[in-house]
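Visitor: In short: position in the sequence shown from 1, add 18, done, that's the working numbering.
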Amino acid sequence: MAALSGSRSFAARAASIESSSTTMNSKKTRPTNITEYINKAPRTTRGKLREMRACIRTAAPRAKESLKWGMPAFSYKRILVTFAAFEHHIGFFPTPPAVKAFAEDLSKYDPASASIQFPLEKALPLGLIRTITEFRVRESLEKDGKWRES
């Protein structure tokens, strides 16, 4: 996936990702919740998606689960993080400030301005995902007004 950068809003970039044919859930019927999203993913990807969901849930236990732009999302007052299954990776979307704050830790992955690619053939860095999600919880409570949940 190409790096997400430029002047387009995160919502516009995420909508573009949703409509991309490279996502795992480009089937005729769209999932209506995270469980359906995971169950519609290829069997080989479901375990990693479940791990991602559980990790985020641990880091943000009061967050509400939903789908935003066709991707699993966790919100608490604001959208905290989203993730999605792709052919060769799990995409994690924690916002540009979070990616920047953890740039050194993320350098071995393929980070863009607002996203990170975790290859399917490698174990998910669950500790890092949890830490980034916790950062987003703190950030959303303190100042991240443009990410207000609709």
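Quick reminder that beta carbons are idealized off the backbone N, C-alpha and C, glycines included. Model, not experiment: these values are computed from the prediction.
Which one of Ile-56, Lys-66, Thr-76 has the shortest CA to CA distance from Glu-152?
Guide: For the residues Ile-56, Lys-66, Thr-76, the minimum Cα distance to Glu-152 belongs to Thr-76.
Visitor: Quick one, are the C-beta atoms of Thr-100 and Lys-86 less than 8 Å apart?
Guide: Yes, the Cβ-Cβ distance between Thr-100 and Lys-86 is below 8 Å.
Visitor: Can you tell me whether Ser-93 is helix, strand or coil according to DSSP?
Guide: Strand at Ser-93.
Visitor: Please report how far the alpha carbon of Ile-74 lies from the alpha carbon of Leu-144, in whole angstroms.
Guide: Spanning the two alpha carbons is a distance of roughly 9 Å.
Visitor: Any idea if Lys-66 is buried or exposed, counting beta-carbon neighbours within 10 angstroms, 16 or more meaning buried?
Guide: Classification for Lys-66: buried.
Visitor: By the 10 Å Cβ neighbour count, where 16 or more other Cβ atoms means buried, how is Arg-48 classified, buried or exposed?
Guide: Exposed is the call here.
Visitor: Should the region 106 to 119 be called in touch with the region 134 to 143, which here means at least 3 C-beta pairs below 8 Å?
Guide: The region 106 to 119 is in contact with the region 134 to 143.
Visitor: In whole angstroms, give me the CA-to-CA distance for Glu-83 and Ile-147.
Guide: In a straight line, the C-alpha of Glu-83 is about 16 Å away from that of Ile-147.
Visitor: Are Thr-113 and Arg-71 closer than 8 Å when you measure CB to CB?
Guide: Result no, Cβ atoms of Thr-113 and Arg-71 do not sit closer than 8 Å.
Visitor: Which same chain residues end up closer than 8 Å to Arg-68 when comparing Cβ atoms and leaving out the 5 residues on each side of it in sequence?
Guide: Ile-56.
Visitor: Does DSSP put Gly-88 in a helix, a strand or coil?
Guide: Looking at Gly-88 - three-state DSSP - the assignment turns out to be coil, as it is neither helix nor strand.
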